[in-house]
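Note sheet for the following structure.
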Amino acid sequence: MNSRRILLLLALTTTALVFFALGAFRVRSGEALDRATYDAELDAIRAEVRSELGRGPHADAVPAGTSGRVAAEASGVSAASARARMVTEIKQELQDEMGLLPVRLLRERRLSFVELYSTDTLGKTNYGTAGYLGHGYFITVKHGVIALRSEDERAAPRKIVSVTIMYGGKETPAKIVDAGDADVEVHSGDWAIIRTRELDLPALRVDPAFSYDFAEPIFRLGNDYSKGIILSTGYVGQRTPSGLVTCLTDGHPGVSGGGVLDQRGDLVGIPIGRMQGDYRFSFILPLRAEMLRKVPAFETADPHAIVADPQ
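So the sequence shown is residues 3 to 313, counted in our numbering.
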């Protein structure tokens, strides 16, 4: 009985294995047939492509991928350009908001200012600053080159006998070309134009229309304590009835006649004095077109402005 059951089980198992083997063989045969058919069709397409290429002017042409390398590089350049533009715009916004000026521009503007020295009949030497306007012309303060009325009536009268500027480490003589109507220091007419030979200095660009709005950031360059041109920063206060502007920038001796620059680096005024006993409370004389009436025409912030008559 057990032997019959074992024989029956073996027969069924053998039959199943035979049918499985036959099925696998048929599947493999079908796959082989399909692959052969696919390969034959692919060979036919390749042969047709070769035939078409052989008919044209580029018989030796080799198929190449269309990865678009040039387009990718252009896209990369465009993306880099966009990033650079965005960074520039952000920097400009920060500079405008915080009242900053690029260091490079400040260093360039520094080269436009020189130390000014004058000697009077009493043998005393006074020092100040002058800003270069081009063609040998400088702007400075009147009290730096012309002896004004002294507040001390007992003081001995004096007269300026020589005016020089420092250029290339040497004193260069200068002569007075024009001046305002001031008879005392810290006055709306306390300005002067002097001239030397034409020098290899960068000329300042001027803006007589600067508005001097409250809290506007400004930059002052001057010959502090006769120690060379030094930078100071501050903010606009308010206009005075006498036509001056108050500000909080260092008003050390020697800065008179220096330059007051706006955020574009344009010359908008000259420092002319300070509050007695307070070196931080300074007075600025805003630039006016009449101050440049004897200076040959030069570049201004407004390309249509005429601020000087050609000589």
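We treat Cβ as the ideally placed atom computed from N, Cα and C, and that holds for glycine.
Asked	Found
Using DSSP's beta-bridge definition, name the partner residues of D280.	M277
Sort V186, D264, T121 by Cα distance to S234 and report the nearest one.	D264
How far does the beta strand (DSSP E) with L250 in it reach, from first residue to last?	247-250
Can you tell me which of D45, P159, D215, I141 puts its alpha carbon nearest to the alpha carbon of K296?	I141
Starting from R106, follow the alpha helix (DSSP H) in both directions and report where the run begins and ends.	105-112
Do you know how far the Cα of L113 is from the Cα of L294?	20 Å
Which residues in the same chain have their Cβ closer than 6 Å to the Cβ of V186, if we skip the five residues on either side of it in sequence?	L150, R151
Leaving aside the five residues before and after A66 along the sequence, list all residues of the same chain whose C-beta is less than 6 Å from its C-beta, in chain order.	Any reading at A66 needs caution, since the residue's pLDDT is 41, under 50, leaving its predicted position unreliable; the model's value is listed next. There are no such residues.
Which of the three DSSP states is assigned to G171 in this structure?	coil
Nearest CA to the CA of T166: which residue from F216, T127, M88, T251?	T127
Considering just the uninterrupted stretch of the beta strand (DSSP E) at Y119, what are its terminal residues?	115-122
Using only the alpha-carbon positions, how far apart do K177 and A217 sit?	37 Å
Go through the stretch 164-208 residue by residue and report every complete run of the beta strand (DSSP E) that reaches 3 residues or more, in order.	172-175, 177-181, 194-197
Between the alpha carbons of V116 and T174, how many angstroms are there, rounded?	11 Å
From the DSSP output, which residues share a beta bridge with T235?	F221
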